[in-house]
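Asker: Positions 422 to 606 (this note's numbering) are the ones given, in order, by the sequence shown.
Quick reminder that beta carbons are idealized off the backbone N, C-alpha and C, glycines included.
Please read these numbers as outputs of a predicted model, since none were measured by experiment.
So that we are looking at the same thing, I have put the structure below in structure tokens.
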Amino acid sequence: MNKTSRMEKLNREIGLCVKCRLSITRIKPVPGEGPLDADYFIIGQGPGANEDETGRPFIGRSGKLLTELLALAGIDRSKETFITSIVKCLPTPPLNRKPRPDEIAACCDYLARQIELVGSKKIILLGDVAFRRFFPKDKFSDWRGKWRDSGGRKYFISYHPAAGIRFQKFKKILEADYKAINKLD
Ligand code: SF4
């Protein structure tokens, strides 16, 4: 089975998934999207309301900021990135809460299979939920704005773009992080 067929099969599985409580409240699961040979694999926390309605990742205000941040790094979102999240369904109620540990555990196999399939060597972790999934013993603040190596891949760590939408202070830090992303590599 080729990459496209394998990803389609995985997306169908996610589309039918009822492994956690988020399946009850979601409108559409959001598996993720991007070229299947993307250089960068980007992982957020979970879909928001816009994403839940459309089934597409990072299409709201956070997504617009993410696209701008990637452009600062010289990365073309549509051509060079595959974007997904730790959980594939909207965490609620309350709306946009952090996914719970059992929801993350139920969903993690999909993420692992996506990473393997796309095969990107560079992974960008958006925020502390994504960071903790990969580095549960480490402090987010020690690694923000840095690359680190693990298991044959490189991980870049910064805030979730939603933090930059809410607070100007975080937007400035995000912009500085992304401007430096390929100088630090
Ligand atoms: S969040 Fe993941 S595990 Fe839970 S229902 Fe959605 S796809 Fe399934």
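1. Take residue 522 as the anchor and find which of 578, 540, 550 has the nearest alpha-carbon.
2. What residues in its chain sit with their C-beta under 7 Å from that of residue 436, if we drop five residues either side in the sequence?
3. Less than 9 Å separating the beta-carbons of residue 510 and residue 473?
4. Verify whether the separation of the beta carbon atoms of residue 532 and residue 554 is less than 9 Å.
5. Mind checking who residue 464 pairs with in its DSSP beta bridge?
6. According to DSSP, residue 577 sits in a beta bridge with which residue or residues?
7. Does the Cβ of residue 449 lie closer than 8 Å to at least one heavy atom of ligand 1?
8. Do the CB positions of residue 592 and residue 577 come within less than 9 Å of each other?
9. Straight-line CA distance for residue 584 to residue 431?
10. Under 8 Å by Cβ, that's how I've got residue 528 and residue 507 pegged, so tell me the actual separation to the nearest angstrom.
11. Answer with buried or exposed for residue 573, where buried requires no fewer than 16 other C-beta atoms within 10 angstroms of its C-beta.
12. Answer yes or no: the CB of residue 504 versus the heavy atoms of ligand 1, is any distance below 8 Å?
13. For residue 445 and residue 466, what's the separation of their Cα atoms in angstroms?
14. Compute the distance between the beta-carbons of residue 598 and residue 569, then report whether it is under 9 Å.
15. Taking C-beta to C-beta, are residue 582 and residue 547 nearer than 9 Å?
16. Assuming residue 502 and residue 455 form a contact by the criterion Cβ under 8 Å, report the distance between their Cβ atoms to the nearest whole angstrom.
17. Taking C-alpha atoms, which residue in 542, 423, 586 lies nearest to residue 489?
Answerer: Inspection of the coordinates gives the following:
1. Ranking the options by Cα distance to residue 522, first place goes to 550.
2. 450
3. Going by C-beta atoms, residue 510 is nearer than 9 Å to residue 473.
4. yes
5. 505, 546
6. 545, 568
7. no
8. no
9. 30 Å
10. 7 Å
11. exposed
12. no
13. Rounded to the nearest whole angstrom, the C-alpha separation of residue 445 and residue 466 is 19 Å.
14. no
15. The answer is yes: Cβ separation under 9 Å.
16. 5 Å
17. 586
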